[in-house]
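Participant: So the protein lines, in turn, are chains A and B.
For the first sequence, the numbering used here gives the first residue as 1, with consecutive numbering after it.
For the second sequence, the numbering used here gives the first residue as 1001, with consecutive numbering after it.
2 protein chains.
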Amino acid sequence: MIPKLIEIDATTGTITSAEVPRELRLVGGRALSSAVVCAEVPPTCHPLSAENVLVIAPGLLAGTALSSANRLSAGAKSPLTGGIKESNSGGVVAYKLARLGVKALKIKGKRNVDEPLLGIHITRQGTSILELDHLRSKGTYESARLLQEQFGSKAGLMLIGPAGELRLATACINITDPEGEPCRNLGRGGLGAVMGSKGIKAIIVDDRGVTVSPTPEARGVIRKFSTALKEHPVTGEKFAKYGTVMTLLNVNGLGGLPTRNFSRGSFEKAEAIGADTLHDTLESRGGMVSHGCMPGCVIRCSNKYVDQQGEPIVGSLDYETVCLLGSNIGIDNLDAVAALNRLCNDIGIDTMETGAALGVLAEAGVWDFGDADRARSLIDEIGAGAPLGRLIASGCVACGRAYGVERIPAVKDQGMAAYDPRAIKGMGLTYALSPMGADHTAGNAIVLSVDHLDPNAQLGPVRDLHLKTAVLDSLGLCLFTGRVSLDQTELVEEICSALLGWKVGFADLLKLAQGWLLQEREFNRQAGFTAAQDRLPPFMYAEKLAPNDSVFDVPEGHLGEFYSF
Amino acid sequence: MIPKLIEIDATTGTITSAEVPRELRLVGGRALSSAVVCAEVPPTCHPLSAENVLVIAPGLLAGTALSSANRLSAGAKSPLTGGIKESNSGGVVAYKLARLGVKALKIKGKRNVDEPLLGIHITRQGTSILELDHLRSKGTYESARLLQEQFGSKAGLMLIGPAGELRLATACINITDPEGEPCRNLGRGGLGAVMGSKGIKAIIVDDRGVTVSPTPEARGVIRKFSTALKEHPVTGEKFAKYGTVMTLLNVNGLGGLPTRNFSRGSFEKAEAIGADTLHDTLESRGGMVSHGCMPGCVIRCSNKYVDQQGEPIVGSLDYETVCLLGSNIGIDNLDAVAALNRLCNDIGIDTMETGAALGVLAEAGVWDFGDADRARSLIDEIGAGAPLGRLIASGCVACGRAYGVERIPAVKDQGMAAYDPRAIKGMGLTYALSPMGADHTAGNAIVLSVDHLDPNAQLGPVRDLHLKTAVLDSLGLCLFTGRVSLDQTELVEEICSALLGWKVGFADLLKLAQGWLLQEREFNRQAGFTAAQDRLPPFMYAEKLAPNDSVFDVPEGHLGEFYSF
């Protein structure tokens, strides 16, 4: 089966399907979404205009039974940062799209707010557009349920909530997990608003009837990779037991846990939202301690959080959310965080940016840190399209401007992830220099074996990590495979050979990644970004972070030479 | 008297007075404020941080009896654009500061929101800091009244309203006119927020006891300039009869009058808010048809608008406000515009950006174009610090983001002035290329004798005009003298010689102006601006403007070579 590029023009409702050009056959995920954005989106266009293109691209290895290899990339010009964006998620959609031979979806054009909402239905028979206006203003949970009733519970869904319909700059795109819960997110950078601007409420991907038979060689390497993941203490055990929250007490111990709008690096109630608490709570209540967000994943880092009666609240409760909607806003219990997480998912808004925005607003005195009921009502205002909700959903920088706050933890208008870069200094390089703004995923420096407080120890390892991450994001491999895939790179080479017929060395992949990053950076340059935007906010250079009393002091020269490959 | 630079550190409350260094003796107004900002403000600092410096500099000729020569410049890094800002106003303060020998005030440091508000009192005896916390949250009208009770009705005032105290990004600084009304504004770019961040509610300038005797030569040239202004039909008569609103029907006729969020270039009710209506209303009600905003001005373009009972509403009702709070938001009567203008003045917020923001919000469906009562209540929300008010006061770009609007008439995050650049194409060059964002004052191309629709006719004349304008802004000469001062440049040379002892040719002044503009531009470059920000919003290149059905099509190359002096 020769894979297809499906192009949808939302303005006209036309669908075009074309064979993938030869030069893109071995490009997938982030490399592909960014290539399309760079080739087709005018860098200075309005992100909600017809010119922007929402690109949805499964990783290169998606559609196979390889563990942890079904990540989905979405790309566009970001309504939040104004630069290029790739957002990355698990869930079932990449797997199904790839099995249907869909290399990428490109959605162009735009729809007016008052036109009926549409859906895109992709099956073995082809792609069609249908009206979904009955889902208008509905949350993602109810929308998913109704879509599953209509299209079958096996259909994979990408959908937006009210936030995306309202075209809010931090709206996300939700992806269903194997249980059909719309809880995996293309979270950052407002891609839900781009989908909303094109009038698309949902994409339904139904791969029934497709059979793919792996070769014996493929079966062998799939088994080998699973075994390697299972044998590693972290990917084989710790992730499954503690999930991503396992990092919380570690980061807290390093003094880098964002607390009360990044005013401290440790939270006095960290234990209460830490991994042991999460694990024990899940176990005692009968939640799912361990769960795979993607078909075939053996790491199984996700979970299904339940309330005291064992009723589902949200799956999965993950580290970034537990910090940004927890310690960063002074909330010290997981039930409260889970409720906020569920609410954000339902509205279709990025939990991380919401936490960053609420942190800034608490500092401004709009509400009190720790008041979970008030946090909930503030997030409700997003879904209602109320002015304060819209401001929150415009991101922490907009909140800071509206309330005259100076301590705004953001780069390129995007709120930072759950690591304060004054204590985890490599993360500062990632936030500052990634074309994506203050994402952690572009180079999650917390995994590096370096002294995180040493300003001189970061440049080389973090730069390496950016390249390696870009490789994983393009292959569709989950970053959490890194402890195996980045340690035993010959395994990645075997995988490419057996599953893709691609004889490529890992060093060659890294070389390709240099080009991908530089192409993203060139988009940003044309959009108007310079070195001035490749820096942390001024307060992080001056305001000491307790308990280390550290500032961000990675030498300016290190930032300057980051992209000198 | 050797002029002084007075530096105030708001953090510590210290006041330092120093002689003006020799190289700054012949630098004033915009050239001086920008020189200080470029020298002392880190381009990437947070605009509300201690590092930002609010510079207040009378024009070089201020303090004399020369007509129309007492303009005041204020400069800082703008909270709205993130770039350098010079804002320029009439009123009495420049005159009084100059007579007191104050070449410039530099205000550094910052105060927390909960610290008492301060005032700066400048008299012949010296400069002191005093507490003004009893004025907290008070509008500028009541504040001015109370300050005049305390310090005498002759004191000149610069003050902020609630918007500045709230550090809102479009807060202005109000200046009193000769009658003591706080209605002259350093309007654009949020300098009121910078003043607010330094905890300064008001600056009281009392020049009693100062006598300055002009030389016979000076007297001669002052007379000569007045005569020349009086003899010109525009500066001698039209401005006094119709005020700045005289331009409205002209711009409407050219199809460039921003109407309903820049969706049309002509307003069907333009007559109702035009110059004849204004003039007749003022005359029949007993308002002041003509009034000088600065001591000694013979042009007298301003007015005092009154209600049907003859009670004062606002002085002065001017073109930019009548358009942006009139046609741009669908309001077709001057009483309503005047009430909104008064309200904005009282809150201390830029009327122009407020009009641009309300236009975007009407397009988003938040309110209906033309509903003056609702417009009023929306502006009230600014003063109250309510979320929607804060969003409005964050500017039209923030409103567009929060409501997912694509048609946002702004450059560098600042709303456009009252000329649609698709019909007045030279103004497009000004908006795009001025370091100040979409101000008209940097090069008010409407005065040029060119075909405003011809994309190829603009580059040379507009570039010239930017330089000439920078000269006037630095001398402190009102732009409205241009029909005389820029036509009879030898008069300017005579003035410099007689009043400043400065033998300078006008061509030399233009040469200096090149340096001033390039220095401002360099600040922006270091703050992260590139050519991508030196462009109009995308919709203006694509969406045809009725009635001319024109787009902005000045060749890209013309924008690129604008600064090739």
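Backbone N, C-alpha and C fix where the C-beta goes; we use that ideal spot for every residue, glycine too.
Predicted model only: the values in this text are computed from it and were never measured.
For D373/A, report the span of its alpha helix (DSSP H) as first-last.
Facilitator: 372-383
Participant: I need the straight-line Cα distance from G1082/B to F1552/B, nearest angstrom please.
Facilitator: 25 angstroms
Participant: Is the region 1157-1174 of chain B touching the region 1126-1141 of chain B, taking contact as three or more C-beta pairs under 8 angstroms?
Facilitator: yes
Participant: Return no unless some Cβ of chain B is closer than 8 angstroms to the Cβ of G528/A.
Facilitator: yes
Participant: Just to confirm my understanding: we take L26/A, look at its own chain, exclude 5 residues before and 5 after, and list those with CB closer than 6 angstroms. What are they?
Facilitator: W502
Participant: For the beta strand (DSSP E) holding T1530/B, just list the boundary residues, first then last.
Facilitator: Careful: T1530/B lies outside any beta strand (DSSP E) and carries neither H nor E.
Participant: If you measure from the beta carbon of C1344/B to each beta carbon in chain A, is any gap under 8 angstroms?
Facilitator: Interface flag for C1344/B against chain A is unset, since no Cβ pair is found closer than 8 angstroms.
Participant: Could you name the residues of the region 380-393 of chain A whose beta carbon sits closer than 8 angstroms to any beta carbon of chain B, in the order they occur along the chain?
Facilitator: Those residues of the region 380-393 of chain A that come within reach of chain B (Cβ to Cβ, closer than 8 angstroms) are A386, P387, L388, R390, L391, A393.
Participant: Report the neighbours of C1045/B on chain A: residues whose CB is nearer than 9 angstroms to its CB, in chain order.
Facilitator: P538
Participant: Give a yes or no on whether 8 angstroms exceeds the smallest Cβ distance from L1545/B to chain A.
Facilitator: no
Participant: Are the C-beta atoms of E1353/B and some chain A residue less than 8 angstroms apart?
Facilitator: No Cβ of chain A is located within less than 8 angstroms of the beta carbon of E1353/B.
Participant: Where does the unbroken alpha helix (DSSP H) through A457/A begin, and where does it stop?
Facilitator: No alpha helix (DSSP H) contains A457/A, which DSSP labels as neither H nor E.
Participant: Taking Cβ-Cβ distances shorter than 9 angstroms, what residues in chain A pair up with A1432/B?
Facilitator: Below the 9 angstroms Cβ cutoff, chain A contributes no neighbours of A1432/B, its closest Cβ being approximately 12 angstroms away.
Participant: Measure from the C-beta of Q1533/B to each C-beta in chain A and report whether the shortest distance is under 8 angstroms.
Facilitator: yes
Participant: Have a look at L1157/B and Q1514/B and give me their C-alpha separation to the nearest angstrom.
Facilitator: 33 angstroms
Participant: Look up V306/A in the DSSP assignment and give the residues it is bridged to.
Facilitator: Per DSSP, P312/A.
Participant: For G385/A, collect the residues of the same chain with a Cβ closer than 6 angstroms to its Cβ; drop the 5 residues on either side in sequence, then sort them by chain order.
Facilitator: L166
Participant: How is P162/A classed by DSSP in three states: helix, strand or coil?
Facilitator: P162/A falls in the helix class under three-state DSSP.
Participant: Using a C-beta to C-beta distance shorter than 7 angstroms, which residues of chain A count as neighbours of R1167/B?
Facilitator: The contacting residues are G404.
Participant: Does chain B have any CB closer than 8 angstroms to the CB of A398/A?
Facilitator: So yes, A398/A belongs to the interface.
Participant: Verify whether the separation of the beta carbon atoms of G1265/B and G1256/B is less than 8 angstroms.
Facilitator: yes
Participant: What first and last residue would you give for the beta strand (DSSP E) that runs through D9/A?
Facilitator: 4-9
Participant: Name, in chain order, the residues that DSSP records as bridge partners for E131/A.
Facilitator: For E131/A, which the question treats as bridged, DSSP gives the partners L118/A.
Participant: Tell me whether T1354/B is buried or exposed, calling it buried when 16 or more other Cβ atoms sit within 10 Å of its Cβ.
Facilitator: buried
Participant: Does the distance from the C-beta atom of F506/A to that of T481/A stay below 8 angstroms?
Facilitator: One thing to note: F506/A has its Cβ no nearer than 8 angstroms to the Cβ of T481/A.
Participant: Taking Cβ-Cβ distances shorter than 8 angstroms, what residues in chain B pair up with A193/A?
Facilitator: G1404
Participant: Can you round the beta-carbon distance between V1102/B and P1178/B to whole angstroms, since I take them to be within the 8 angstroms contact cut?
Facilitator: Distance from V1102/B to P1178/B at the Cβ level is roughly 19 angstroms; contact not present, criterion being Cβ atoms closer than 8 angstroms.
Participant: Taking the Cβ atom as the reference point for each residue, do A1356/B and C1396/B lie within a distance shorter than 8 angstroms?
Facilitator: yes
Participant: For N345/A and F539/A, I'd like the C-alpha separation in whole angstroms.
Facilitator: 31 angstroms
Participant: Could you say if the region 1224-1236 of chain B and the region 1466-1484 of chain B meet the contact criterion of at least three C-beta pairs nearer than 8 angstroms?
Facilitator: yes
Participant: Could you list the residues in the region 236-269 of chain A with a C-beta less than 8 angstroms from some C-beta on chain B, going in chain order?
Facilitator: Close to chain B, meaning a Cβ-Cβ distance shorter than 8 angstroms, is no residue of the region 236-269 of chain A at all.
Participant: To the nearest angstrom, how far is it from the Cα of V1092/B to the Cα of D1307/B?
Facilitator: 25 angstroms
Participant: With C-beta atoms as the reference, is L962/B less than 8 angstroms away from V1245/B?
Facilitator: The requested residue 962/B is not part of the displayed model; chain B covers only 1001 to 1565.
Participant: Taking Cβ positions only, does S226/A come closer than 8 angstroms to chain B?
Facilitator: no
Participant: Using only CA atoms, which one of F262/A, L391/A, T211/A lies nearest to G330/A?
Facilitator: Nearest C-alpha to G330/A: F262/A.
Participant: Decide if the region 105-113 of chain A is in contact with the region 6-15 of chain A; the criterion is three or more beta carbon pairs, one per stretch, under 8 angstroms apart.
Facilitator: Contact between the region 105-113 of chain A and the region 6-15 of chain A is present: 3 or more CB-CB pairs across the two stretches fall below 8 angstroms.
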